[in-house]
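Visitor:
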Amino acid sequence: MSAKASTAVKTWRIRLPNSACFPGQCAGWVLVCATILSCTALGAAETIGFPEHPHWEFPIPAQGPFRPAAPGAEAIADLSANACGLCHQSQFTAWQESLHAAAVSAGLLGQISTFDTTTQEDCLSCHSPRQEMLEHWQEKGLEGADALSGIDCATCHVRGRVRHGPRAFAETPHGPVQELPLFRQAEFCAPCHQFDDTGLSVNGKPLENTYVEWQRSRYARDGVTCQKCHMPENLHAFKGIHDKETTRRGLLVHGWRTRDGLRVRAGNVGAGHALPTYVTPRILIRLEGSEGEPVLEHIIARKMRWSRDEGWVEIADDRLLPDQWITLDLSLPEGQNGRVSVHVEPDYDYHERVYPALLKMLTDSLSTEERSLLQQARGESGTTAYRLYQFVCPEWSGHDKPCNEQP
Ligand code: HEC
Ligand code: HEC
Ligand code: HEC
Ligand code: HEC
Ligand code: HEC
137 MSAKASTAVK
147 TWRIRLPNSA
157 CFPGQCAGWV
167 LVCATILSCT
177 ALGAAETIGF
187 PEHPHWEFPI
197 PAQGPFRPAA
207 PGAEAIADLS
217 ANACGLCHQS
227 QFTAWQESLH
237 AAAVSAGLLG
247 QISTFDTTTQ
257 EDCLSCHSPR
267 QEMLEHWQEK
277 GLEGADALSG
287 IDCATCHVRG
297 RVRHGPRAFA
307 ETPHGPVQEL
317 PLFRQAEFCA
327 PCHQFDDTGL
337 SVNGKPLENT
347 YVEWQRSRYA
357 RDGVTCQKCH
367 MPENLHAFKG
377 IHDKETTRRG
387 LLVHGWRTRD
397 GLRVRAGNVG
407 AGHALPTYVT
417 PRILIRLEGS
427 EGEPVLEHII
437 ARKMRWSRDE
447 GWVEIADDRL
457 LPDQWITLDL
467 SLPEGQNGRV
477 SVHVEPDYDY
487 HERVYPALLK
497 MLTDSLSTEE
507 RSLLQQARGE
517 SGTTAYRLYQ
527 FVCPEWSGHD
537 KPCNEQP
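Here the sequence shown stands for residues 137 to 543, where the numbers follow our numbering.
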């Protein structure tokens, strides 16, 4: 392994030029910064430490030439996910449907060329971090994008052509497997799901802060890692807020009819970080009387705005920290019944703000292909919403009654 040995806090990401985030210097950057980027210029983040690990060096160094160990070993020369999938079928099937497999998306490809090359490398260092992919992108650009592998098996498991995993194997078709305890630790996921102190921070909080949120929760104290929740039984589906069942395990909602009206309690009972952890999703809880009114709407999200003068400003942070509960009350006449619904829009900010703004601001600089990729991304980001819960609540009958969940 080639990493510089160090016990210091690692600077995971390339440091970007100070101008990178200033309005007008790079239109696309300014817009997407909201959701994603490491950029040096704005905000003084608190110092974030997660231990450096040589397994994560970006880009992931090229694997080097294949030296067959035995006759017939050619079968394992191929480091593509398809090749791994020939023998590791269950991991492959689950991974194929995951967002890690889809990380080179229309939304990424539609905008990446509008950045300078250093920034493009930075994007790929999370979205398709193998050196071979970077070189392919530098050579072929958008035309060769189909071959970019996203976050594939080799990204996480193979270094210098040696397979690494949670335990050692002396003998496999691809030689010994090297054991790395990191595979069972939350720090494994941190380099891509946590901005370091060079990353964009607003109101003292990095825009990607999942690892730190986890570290401060009881889950960290109890040894409940990211893998325990997101890879149950080693399942490689990496499901999150885009999956209804996963979100239901995180957000619990109860409703009651009381004398005064409707009372709703909503709590983060199963997400080991803020729910939701990113700035892009939105969860809408709506209480209403059966006559369509009165209505109370509550939004769970980290709301931000950007302007030329102020840069990024946090308007509100109504996300639920682990174990945090909120109570919502709607007054209703005793004779009226009501409804409660909870809607999740995983890509709300992309759909409502990021893609429309990119399409508008970059009008003159986008190629036809990039424009249609961004339009496709905008369309897709509008289709991921779902209803998490729906309850009907009776009229007042002399004592408090729970509302009934509807399918
Ligand atoms: C020709 C079949 C074959 C191919 C192709 C293959 N593997 Fe394996 N792999 C095995 C076998 C057999 C083992 C031994 C463990 C077992 O039997 O499950 C193994 C073990 C592993 C382990 C350790 C498993 C554990 O339970 O801890 C990892 C990680 C791994 N392979 C990753 C990969 C990756 C990544 C690729 C693609 C780049 C790949 N393998 C391609 C057959 C294969
Ligand atoms: C090499 C960088 C990288 C690593 C390592 C990584 N991720 Fe991710 N992950 C991403 C990116 C990028 C996305 C978003 C992909 C997209 O939608 O384009 C993502 C998406 C996800 C999602 C889907 C979220 C949703 O919106 O539903 C989950 C869950 C997730 N990762 C969990 C993990 C866990 C757990 C680990 C550690 C075992 C991990 N990731 C390791 C980069 C990474
Ligand atoms: C530190 C790792 C990291 C870097 C660097 C990064 N991303 Fe991401 N990106 C993520 C993760 C994690 C997600 C999923 C969570 C979310 O929705 O914010 C994501 C989501 C996205 C999405 C929405 C999902 C999709 O794939 O359609 C787009 C678009 C995107 N990133 C583009 C970019 C661009 C462009 C750059 C470079 C300018 C970039 N990202 C740099 C980690 C990163
Ligand atoms: C985002 C990183 C990531 C990606 C991508 C990924 N894995 Fe894994 N894989 C892990 C982690 C972390 C573990 C250990 C999970 C644990 O023990 O809790 C693991 C465990 C394994 C194991 C051993 C445990 C088991 O029996 O499942 C095999 C085999 C494996 N992965 C194969 C693959 C293959 C094949 C692919 C691609 C189709 C792949 N992985 C993609 C992170 C990843
Ligand atoms: C106790 C279980 C649990 C632990 C631990 C946990 N998660 Fe989650 N995670 C969830 C649940 C449930 C959701 C769906 C609700 C939500 O979005 O918060 C989720 C959602 C996500 C998402 C989707 C994006 C979003 O905005 O919420 C990502 C990415 C993610 N987790 C990454 C991680 C990483 C990285 C770690 C470790 C640092 C981790 N999770 C630890 C349960 C967990």
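Ideal Cβ positions, reconstructed from N, Cα and C, are used throughout, including at glycine.
#1: Who are aspartate 546's beta bridge partners in DSSP?
#2: Is the CB-CB distance between isoleucine 212 and proline 368 below 8 angstroms?
#3: Quick one: is the Cβ of phenylalanine 251 within less than 7 angstroms of any heavy atom of ligand 4?
#4: Quick check on the burial criterion: 16 or more other C-beta atoms within 10 angstroms. Buried or exposed for histidine 535?
#5: How big is the Cα-Cα spacing for valine 528 and tryptophan 231?
#6: Within 7 angstroms: the Cβ of tyrosine 484 and any heavy atom of ligand 3?
#7: How long is the line joining the alpha carbons of glutamine 542 and valine 476, rounded to whole angstroms?
#8: Less than 7 angstroms between C-beta atoms, sequence neighbours within five positions excluded: which residues of the same chain meet that for alanine 373?
#9: Could you have a look at threonine 229 and say whether DSSP puts it in helix, strand or coil?
#10: Return yes when the Cβ of aspartate 459 is within less than 8 angstroms of the Cβ of arginine 544, no when it is not.
#11: Can you tell me which of Gly447, Thr520, Arg418, Ile451 puts its alpha carbon nearest to the alpha carbon of leucine 336?
#12: Does the beta carbon of phenylalanine 305 fall short of 7 angstroms from some heavy atom of ligand 1?
#13: What are the uninterrupted segments assigned as alpha helix (DSSP H) that are 4 or more residues long and contained completely in the segment 236-312, given in chain order?
#14: Less than 8 angstroms between the C-beta atoms of glycine 425 and glycine 474, yes or no?
#15: Can you tell me the Cα-Cα spacing of tryptophan 461 and histidine 189, whole angstroms?
#16: Less than 7 angstroms between the CB of threonine 308 and some heavy atom of ligand 1, yes or no?
#17: Leaving out the 5 sequence neighbours to the left and right, which residues in its chain are closer than 7 angstroms to asparagine 540 when beta-carbon positions are compared?
#18: Spatial neighbours of threonine 519 within its chain, please: C-beta separation below 6 angstroms, excluding the five flanking residues on both sides.
#19: Reducing DSSP to helix, strand and coil, say where arginine 418 ends up.
#20: Could you pull the DSSP bridge partners for tryptophan 350 from this structure?
#21: Measuring alpha carbon to alpha carbon, tell me which of Ser533, Thr504, Pro302, Tyr491 ends up nearest glycine 243.
#22: List, from N- to C-terminal side, the alpha helix (DSSP H) runs of 4 residues or more that fit wholly inside the segment 488-519.
#23: What first and last residue would you give for the alpha helix (DSSP H) that runs through glutamate 381?
#24: On the CB-based measure, 16 or more other CB atoms within 10 Å of its CB, does phenylalanine 202 come out buried or exposed?
#25: When you measure from the CB of proline 302 to every non-hydrogen atom of ligand 1, does any distance come out below 7 angstroms?
#26: Measure how close the beta-carbons of alanine 217 and aspartate 288 come, nearest whole angstrom, since I'm counting them as under 8 angstroms.
#27: Does the segment 303-318 come into contact with the segment 248-261, if we say contact requires no fewer than three beta-carbon pairs (one atom in each stretch) closer than 8 angstroms?
#28: Less than 8 angstroms separating the beta-carbons of leucine 456 and asparagine 404?
#29: Spatial neighbours of proline 312 within its chain, please: CB distance less than 8 angstroms, with the 5 preceding and 5 following residues excluded, ordered by chain position.
#30: Can you tell me whether glycine 428 is buried or exposed, with buried defined as 16 or more other CB within 10 angstroms of its CB?
#31: Would you identify the three-state DSSP class for glycine 221, choosing helix, strand or coil?
#32: I think glycine 386 touches alanine 407, with their Cβ atoms under 8 angstroms apart; what is that distance to the nearest whole Å?
#33: With distances taken from CA atoms, which of Glu481, Leu510, Glu193, Ala452 is nearest leucine 494?
#34: Ordered along the chain, which non-local residues of its own chain (more than five positions away) have a Cβ less than 6 angstroms from that of proline 412?
#35: Taking 7 angstroms as the cut-off, is the beta-carbon of alanine 521 closer than that to any non-hydrogen atom of ligand 3?
#36: If you compare alpha carbons, which of Leu398, Ile451, Cys325, Glu488 is closest to proline 469?
Guide: With the structure as the only source:
#1: The chain is shown only over 137 to 543; residue 546 falls outside these bounds and no answer can be derived.
#2: Locating residue 212 in the sequence shown gives position 76, counting from the first residue. Locating residue 368 in the sequence shown gives position 232, counting from the first residue. No, these two residues do not count as a Cβ contact at 8 angstroms.
#3: Walking along the sequence shown from the start, residue 251 turns up at place 115. Checking every heavy atom of ligand 4 against the Cβ of phenylalanine 251, none is found closer than 7 angstroms.
#4: By one-based count along the sequence shown, residue 535 stands at place 399. Histidine 535 should be labelled exposed.
#5: Counted from its first residue, the sequence shown places residue 528 at position 392. Counted from its first residue, the sequence shown places residue 231 at position 95. Roughly 38 angstroms separates the two Cα atoms.
#6: Residue 484 sits at position 348 when you count from the first residue of the sequence shown. False, no ligand heavy atom lies under 7 angstroms from that Cβ.
#7: Counting from 1 along the sequence shown, the entry for residue 542 is found at position 406. Counting from 1 along the sequence shown, the entry for residue 476 is found at position 340. Those two C-alpha atoms are separated by around 10 angstroms.
#8: Position 237 of the sequence shown, counting from 1, holds the residue named residue 373. Within the same chain, alanine 373 has close Cβ partners Ala230, Glu233, Ser234.
#9: Walking along the sequence shown from the start, residue 229 turns up at place 93. If DSSP states are grouped into helix, strand and coil, threonine 229 belongs with the helices.
#10: Examination of residue 544 is not possible in this model, given that the chain is present from 137 through 543 alone.
#11: Here the question's residue 336 lines up with position 200 in the sequence shown. Ranking Gly447, Thr520, Arg418, Ile451 by Cα distance to leucine 336 puts Gly447 first.
#12: Here the question's residue 305 lines up with position 169 in the sequence shown. Yes, the beta carbon of phenylalanine 305 sits closer than 7 angstroms to at least one heavy atom of ligand 1.
#13: 242-248, 253-263, 267-276, 289-293
#14: To locate residue 425, count along the sequence shown from 1; it is residue 289. To locate residue 474, count along the sequence shown from 1; it is residue 338. In this structure, glycine 474 lies closer than 8 angstroms to glycine 425 by Cβ.
#15: Within the sequence shown, the letter at position 325 stands for residue 461. Within the sequence shown, the letter at position 53 stands for residue 189. Each residue's Cα considered, the two are about 36 angstroms apart.
#16: Here residue 308 refers to the residue found at position 172 of the sequence shown. Correct: threonine 308 has its Cβ closer than 7 angstroms to ligand 1.
#17: On the sequence shown, residue 540 is found 404 positions in, with the first residue counted as 1. Cβ neighbours of asparagine 540 beyond the five flanking positions: Phe527, Val528.
#18: In the sequence shown, counting from the first residue as 1, residue 519 sits at position 383. So no residue of the chain qualifies.
#19: For this step, residue 418 is matched to residue 282 along the sequence shown. Strand.
#20: By one-based count along the sequence shown, residue 350 stands at place 214. Paired residues: none, contrary to the question.
#21: Mapped onto the sequence shown, residue 243 falls at position 107. Closest option to glycine 243, Cα to Cα, is Tyr491.
#22: 491-497, 504-517
#23: Residue 381 sits at position 245 when you count from the first residue of the sequence shown. 380-386 is the extent of the alpha helix (DSSP H) around glutamate 381.
#24: By 1-based counting over the sequence shown, the position of residue 202 is 66. By the neighbour-count rule (16 or more Cβ atoms within 10 Å), phenylalanine 202 is not buried but exposed.
#25: Residue 302 sits at position 166 when you count from the first residue of the sequence shown. Indeed, a heavy atom of ligand 1 lies less than 7 angstroms from the Cβ.
#26: Here residue 217 corresponds to residue number 81 of the sequence shown, with the count starting at 1. Here residue 288 corresponds to residue number 152 of the sequence shown, with the count starting at 1. Yes, they are in contact, since the Cβ atoms of alanine 217 and aspartate 288 sit about 5 angstroms apart, within 8 angstroms.
#27: no
#28: On the sequence shown, position 320 is the one that residue 456 refers to. On the sequence shown, position 268 is the one that residue 404 refers to. Closer than 8 angstroms, so yes.
#29: Working through the sequence shown from its first residue, we reach residue 312 at position 176. The residues are Val298, Ala304, Phe305, Ala306.
#30: The sequence position of residue 428 within the sequence shown is 292, counting from 1. That one is exposed.
#31: Numbered from its first residue, the sequence shown carries residue 221 at position 85. Here glycine 221 sits in helix by DSSP.
#32: In the sequence shown, the residue the question calls residue 386 occupies position 250. In the sequence shown, the residue the question calls residue 407 occupies position 271. At roughly 4 angstroms, the Cβ-Cβ gap stays under 8 angstroms, so glycine 386 and alanine 407 are in contact.
#33: Here residue 494 corresponds to residue number 358 of the sequence shown, with the count starting at 1. The shortest C-alpha separation from leucine 494 is found at Leu510.
#34: Here residue 412 corresponds to residue number 276 of the sequence shown, with the count starting at 1. Result list for proline 412: Ile377, in chain order.
#35: On the sequence shown, position 385 is the one that residue 521 refers to. No, since every heavy atom of ligand 3 falls outside the 7 angstroms radius drawn around the Cβ of alanine 521.
#36: Position 333 of the sequence shown, counted from the first residue, corresponds to residue 469. Looking at the Cα atoms, Leu398 is the closest of the given residues.
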